[in-house]
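Comments concern the structure below.
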Amino acid sequence: MAGMILAFLIADRFRGIGIVRGIFVLPVAIPAIVTAIILYIMFDFPGGHINDLLTGKHLLFPFHILDEPVNWRGSSFFAIMVSIFGKVWRDMPISMLIILAGLHSIEKEQYEAAATMGANVFQTFYRITLPLLIPAISTVLILRSIEFWKEFIFPFILAGSYPLLSTLIERAYHEWRNPYEASAIALILLIMILIFTAIIFVSLKWIRKRLVRI
C-alpha cells in the first residue's frame, strides 16, 4: 500500500521529480541489518530516541506525552510491529517502482477517452487504472508476501525473543541443536508461503474479473 501511494504521487512529471524519486528509493540502498540496528537504537528501553521524544527529554521535541518510557521490544505486539515497520520502509521502493512501471504502461488515450465520455476521477480509477494495474499489484503482493514470511534480520534483531517461523529455524538449529526440528519448521514455512501465494493469486484473478466486468 505504501509503495502504491508513493507511485501515484510521483507518477506525473514535475520539477525536481528526479530528486524526489531518488529520496524514495534511498531506503533500499541501506543494508537491512543497518536499518534494523537503527530501529533497535531508536526503540531502545529506557533511553531510546522514541522514549526520549515521548517523555519530553528530546531537544527537538520538549513536550511531555508519556510519564514513563515504554519497553517497546518487551511486548510481542510492539516488537513485531516495529519489525514490520522496518521491513515495509526498506522494501517500499521496490514495490513503488513496480507499481510506477505499471502506471506508465497505461496508455494516456484511455484516460482521454474516459474523460470525453464524462467519467469522473473515481470511475476512471476503478474502470481503467485499477484493472490494468492488477498484474503489477499481483507481482508486488506475491513478492512481498514471500519476503515477509521468510524475513529473518528484522525479527531476529527487534523481536528475537518471540516465536516466529523464520527465527525459530535458527533457534532450533543453533540453540536447541536439533536439525530435524529446524527442517520441520522450514517445511512448514515453505507450505505457508505456497498457500498464501495461491490465495493471493486466486483472489487477484477474481478481483480482476470483477473489475473488468463492471
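Our numbering applies: residue 1382 is where the sequence shown begins, and numbers increase by one. Ideal placement from N, C-alpha and C gives every residue a C-beta, glycine not left out.
Cβ-based neighbour list, residue i, same chain, cut-off 6 Å, excluding 5 preceding and 5 following
i	result
Thr1416	Gly1467, Arg1471
Leu1570	Leu1546
Ala1517	Ile1479, Ile1480, Gly1483
Leu1387	Phe1405, Met1477
Leu1434	Phe1442
Ser1457	Tyr1543
Residue environment, residue i, which counts as buried when at least 16 other CB atoms sit within 10 Å
i	result
Arg1591	exposed
Trp1453	buried
Met1477	buried
Gly1499	exposed
Ala1553	buried
Gly1429	buried
Gly1397	exposed
Gly1399	exposed
Through-space distance from residue j to residue i, alpha-carbon basis
i	j	result
Leu1481	Val1469	17 Å
Phe1577	Leu1440	45 Å
Ile1446	Ile1391	35 Å
Glu1449	Pro1427	9 Å
Ala1567	Ile1550	6 Å
Arg1558	Ala1565	13 Å
Leu1513	Ile1465	28 Å
Pro1560	Pro1544	17 Å
Asp1393	Asn1501	18 Å
Neighbourhood of residue i by C-beta distance below 8 Å, restricted to the same chain and skipping five residues each side
i	result
Ile1515	Leu1585, Ile1588, Arg1589, Leu1592
Phe1582	Ser1519, Ile1523
Thr1548	Phe1533, Pro1536, Phe1537, Ala1540, Gly1541
Arg1402	Ile1391
Ala1495	Gln1504, Thr1505, Arg1508, Ile1509
Ile1574	Ser1526, Ile1527, Trp1530, Lys1531
Own chain, CB closer than 7 Å to residue i, minus 5 neighbours either side, in chain order
i	result
Phe1424	Ile1431, Trp1453, Arg1454, Val1463
Pro1474	Phe1405, Val1406, Pro1408, Val1409
Pro1412	none
Phe1459	Trp1453
Leu1420	Val1463, Gly1467, Leu1539
Ala1563	Ile1550, Ala1553, Tyr1554
Ile1414	Ile1534
Leu1511	Leu1592
C-beta neighbour in chain C for residue i, strict 8 Å
i	result
Ser1486	Absent from the structure: chain C. Only one protein chain is present.
> Taking only runs of the alpha helix (DSSP H) that begin and end inside the stretch 1450-1485, which ones reach a length of at least 4 residues, in chain order?
Replying inline: 1457-1485
>> For a minimum of 3 consecutive residues, which ranges assigned as the beta strand (DSSP E) are wholly contained in the stretch 1482-1570?
In response: none
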